[in-house]
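Colleague: Here it is: the structure, laid out below.
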Amino acid sequence: MSDATAIEQSRIIDHPMHNRAQSLLPLKVSSLSYSIRQRALLHNIDLELTISGITAILGHNGAGKSLLLRLLHGLIAPTSGTVLWHDRAVAELEVRKKQAMVFQKPFVLRRSVAANIDYVLALRHAASRDTRDKLLRDANLLDKAKQSATSLSGGEQQRLAIARALATDPSVIFLDEPTASMDPAATAAIEQQLQSVNRQGIKIILVTHDIAQARRLADDIVFLHQGAIAEHTPAEEFFARAHSTAAQHYLDGQL
Amino acid sequence: MQTFQQSFAHAWHLVVTGDATLLEIVLLSLRVSVTATLIACALGLPLGALLATQNFRGKWLVNLLVNTLMGMPPVVLGLIVYMMLSNAGPLGWLQWLYTPGAMILAQTVLIMPIVAALSRQVIDDRWSECREQFQSLCIPWHRCVFTLLRDCQTSLFTVGAAGFARAISEVGAVIVVGGNINHLTRVMTTAIALETSKGDLALALALGSILMTIALIVNAVVLGTRQRLQS
Ligand SMILES: Nc1ncnc2c1ncn2[C@@H]1O[C@H](COP(=O)(O)OP(=O)(O)OP(=O)(O)O)[C@@H](O)[C@H]1O
Ligand SMILES: [Mg+2]
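Right under this line is the structure:
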């Protein structure tokens, strides 16, 4: 294990609640639908996540993965159905504050890299130079701390977005294709960080098109097809033999 | 009637010797327009942010009003402010007519819609990029606004400068509510209008060149600030 991840771990171990995701789990989604202008983009989603492992959401472009993440995180309200985290509605601020999201398109504030982290730490009343430097070191951005965040490359901005999400000290973290624009080394570093963070009890829900990544990281797979869940299967089983034909085709690289 | 050369020579003389009348007019112009710009920004930026980020009943009406006022000729706005400030008007008790206060009020009314409309556009563009991220972080609305204003500071600085440029160069509103009274409400633009009509081109030319220099400086500062903030 690298120094960076050890530091990340110590930061989280210090936290009084050991397995923090348990305060939000299980996640229960029932008969969830989402339509825009009469068009059903997601329909009849039933999902239950009980363990604080890494859940990967897979599916073709336009299957509704990003929408599902937004619904689970409470950024958009469903047309019908419910999302309950430990029997509490996702709309509750207390629930949402324990969650963080890294978006498909990274967003950074137009200020320095360090100030981007400081902003979130201040928001959570946890401003500290040490914490910030640790987060930046983990993201391999410490030497760019003073640089303007908008001048970072796409992959670097994504790393900053992940560091910023971790700065909120979340119990659940959503990531929408976090490594899509990263080089192999950065991808490996992020995966290692996610695994280490997850071992400390932070639930990770990840959308990815990188099948190898899902294989490496995921404990269970949710496969979305045309706005519905085709299957929700433990990862080993999924990759050995997916149940749904849609997932089999996806894994074989067919439409 | 002086020749052009004489006028230019005399104008140059007025500027370099710091002629008292000239100085008085320039300083009053700056005082009025800077104050109006500051007030217009203090009101217009939050209004722009509100229009960009919030939905409320009657929002389209406010938008309509802002957009209409933005293109209003200064004399017409001057007339409206004049009627408000006249003895029979609702603000008559202030006794502001033909004072610098009236001119500040008129210019504030003139440029506030511009500041609001331009900042609404700037903030709206940025808001669409960061709305979900802010929502995800559970940032309360007032804090979103502060963050947005800070995030867009370069563009908003330009918006303020545009407001100032409009204020210092307009003549219609200040002449109606200020009356172009010597030593009291005479500013650069009204003085230029008067002196030109009197045939005293020297003072008009001197004031005109100062006005152009101010425009040049404002633009230089805006460009410089943009570059500094972007690097
Ligand atoms: N605001 C919207 N208005 C209309 N349609 C939308 C809207 N948002 C999403 N959609 C549609 O919903 C479908 C699912 O979108 P979503 O972004 O969830 O796809 P995705 O599975 O994340 O795809 P990708 O792998 O390309 O990121 C798409 O067909 C998209 O066009
Ligand atoms: Mg997506």
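Keeping their order, the protein sequence lines are chains A and B. Counting from 1, position 3 in the first sequence corresponds to residue 3 in the numbering used here; the numbering is continuous, with no gaps. Counting from 1, position 169 in the second sequence corresponds to residue 169 in the numbering used here; the numbering is continuous, with no gaps. Positions of the beta carbon are idealized from the N, C-alpha and C atoms, including for glycine. Please read these numbers as outputs of a predicted model, since none were measured by experiment.
With respect to the beta strand (DSSP E) encompassing S30 (chain A), which residues constitute its N-terminal and C-terminal limits?
Modeller: Note, S30 (chain A): beta strand (DSSP E), 27-36.
Colleague: At 7 angstroms on the CB atoms, spell out the chain C contacts of L206 (chain A), in chain order.
Modeller: Although the question refers to chain C, the structure presented lacks it and instead comprises the protein chains A and B.
Colleague: Along the chain, where does the beta strand (DSSP E) containing G81 (chain A) start, and where does it finish?
Modeller: G81 (chain A) -> beta strand (DSSP E) spans 80-85.
Colleague: Would you list, in chain order, the members of the segment 102-132 of chain A that have their beta-carbon closer than 7 angstroms to a beta-carbon of chain B?
Modeller: Hits within the stretch, in order: F103, F107, L109, R110, V120, L123.
Colleague: From what residue to what residue does the alpha helix (DSSP H) around H13 (chain B) run?
Modeller: From DSSP, the alpha helix (DSSP H) with H13 (chain B) extends over 4-17.
Colleague: So with CB distances below 7 angstroms, who are the chain B contacts of L69 (chain A)?
Modeller: None at all; the shortest Cβ gap to chain B is about 10 angstroms.
Colleague: If you draw a straight line from the C-alpha of N198 (chain A) to the C-alpha of V207 (chain A), how long is it?
Modeller: Taking the straight line from one Cα to the other gives about 16 angstroms.
Colleague: Taking L25 (chain A) as the reference, which of A:Q38, A:R88, A:K144 has the closest Cα?
Modeller: Considering only alpha carbons, the answer is A:R88.
Colleague: List the whole-angstrom C-beta distance separating N180 (chain B) from L194 (chain B), where the pair is believed to meet the contact cut-off of C-beta under 8 angstroms.
Modeller: Their Cβ separation, rounded to whole angstroms, is 6 angstroms, which keeps N180 (chain B) and L194 (chain B) in contact under 8 angstroms.
Colleague: Relative to the C-alpha of T53 (chain B), which candidate in B:A9, B:V32, B:L148 has its C-alpha closest?
Modeller: Answer by Cα proximity: B:L148.
Colleague: Any chance the CB of D176 (chain A) is under 7 angstroms from a heavy atom of ligand 2?
Modeller: True, at least one ligand heavy atom lies under 7 angstroms from that Cβ.
Colleague: What alpha helix (DSSP H) runs, 4 residues minimum, are completely inside the segment 148-230 of chain B?
Modeller: With a minimum length of 4 residues, the continuous alpha helix (DSSP H) runs that stay inside the segment 148-230 of chain B are 153-169, 172-178, 188-198, 201-230.
Colleague: Is the CB-CB distance between L203 (chain B) and L27 (chain B) below 8 angstroms?
Modeller: No.
Colleague: Is it the case that the CB of S136 (chain B) approaches a heavy atom of ligand 2 more closely than 7 angstroms?
Modeller: For ligand 2, not one heavy atom lies less than 7 angstroms from the Cβ of S136 (chain B).
Colleague: Three-state secondary structure (DSSP) at A21 (chain A)?
Modeller: Helix, per DSSP.
Colleague: DSSP has Q99 (chain A) in a bridge; who is on the other side?
Modeller: Looking at the DSSP assignment, Q99 (chain A) forms a beta bridge with A:V172.
Colleague: Consider the C-beta atom of N44 (chain A) and the heavy atoms of ligand 1; say whether any pair is separated by less than 7 angstroms.
Modeller: No; taking the cut-off as 7 angstroms, the Cβ of N44 (chain A) has no heavy atom of ligand 1 nearer than that.
Colleague: Verify whether the separation of the beta carbon atoms of D233 (chain B) and R124 (chain A) is less than 8 angstroms.
Modeller: Absent from the structure is residue 233 (chain B), since the part of chain B shown begins at 1 and ends at 231.
Colleague: Does chain A have any CB closer than 8 angstroms to the CB of I139 (chain B)?
Modeller: Yes, contact with chain A.
Colleague: Classify D220 (chain A) as helix, strand or coil using the three-state DSSP reduction.
Modeller: Here D220 (chain A) sits in strand by DSSP.
Colleague: Among A:Q104, A:L93, A:G59, which has the Cα closest to the Cα of D176 (chain A)?
Modeller: Closest option to D176 (chain A), Cα to Cα, is A:Q104.
Colleague: Classify A234 (chain B) as helix, strand or coil using the three-state DSSP reduction.
Modeller: The question about residue 234 (chain B) has no answer here: the residues shown for chain B are numbered 1 through 231.
Colleague: Taking just the CA atoms, how far does V177 (chain B) sit from Y82 (chain B)?
Modeller: For Y82 (chain B) and V177 (chain B), the distance between alpha carbons rounds to 5 angstroms.
Colleague: Select from the segment 136-166 of chain A all residues with a C-beta closer than 7 angstroms to any C-beta belonging to chain B, and list them in chain order.
Modeller: If the cut-off is 7 angstroms between Cβ atoms, the segment 136-166 of chain A has nothing near chain B.
Colleague: Run the proximity test for D104 (chain A): is its beta-carbon closer than 7 angstroms to any non-hydrogen atom belonging to ligand 1?
Modeller: Asp is not the amino acid found at residue 104 (chain A); the sequence shown has Gln there. The answer is yes for Q104 (chain A).
Colleague: Consult DSSP for R88 (chain A) and reduce its assignment to one of helix, strand or coil.
Modeller: R88 (chain A): strand per DSSP, three-state reduction.
Colleague: Is any beta-carbon of chain A found at less than 8 angstroms from that of G130 (chain B)?
Modeller: It should be pointed out that residue 130 (chain B) corresponds to Cys in this sequence rather than to Gly. With 8 angstroms as the cut-off, C130 (chain B) counts as an interface residue toward chain A.
Colleague: Taking the alpha carbon of L47 (chain A) as the reference point, which residue from A:T82, A:G64, A:L41 has its own alpha carbon closest?
Modeller: Measuring from the Cα of L47 (chain A), the nearest candidate turns out to be A:T82.
Colleague: Evaluate contact between the segment 37-55 of chain B and the segment 113-125 of chain B, counting only Cβ atoms and requiring at least three cross-stretch pairs below 8 angstroms.
Modeller: Yes, they touch.
Colleague: Just the residues with CB closer than 5 angstroms to a heavy atom of ligand 1, in chain order, which are they?
Modeller: Per the Cβ criterion, the list is A:I36, A:L41, A:N61, A:G62, A:A63, A:G64, A:K65, A:S66, A:L67.
Colleague: Could you give the DSSP three-state label for A56 (chain A): helix, strand or coil?
Modeller: Three-state DSSP puts A56 (chain A) in a strand.
Colleague: So, is Q158 (chain A) buried or exposed, given that buried needs 16 or more other C-beta atoms within 10 angstroms?
Modeller: Buried, because 16 or more other Cβ atoms sit within 10 Å of the Cβ of Q158 (chain A).
Colleague: Mapping the DSSP letters down to three states, classify T108 (chain B) as helix, strand or coil.
Modeller: Helix at T108 (chain B).
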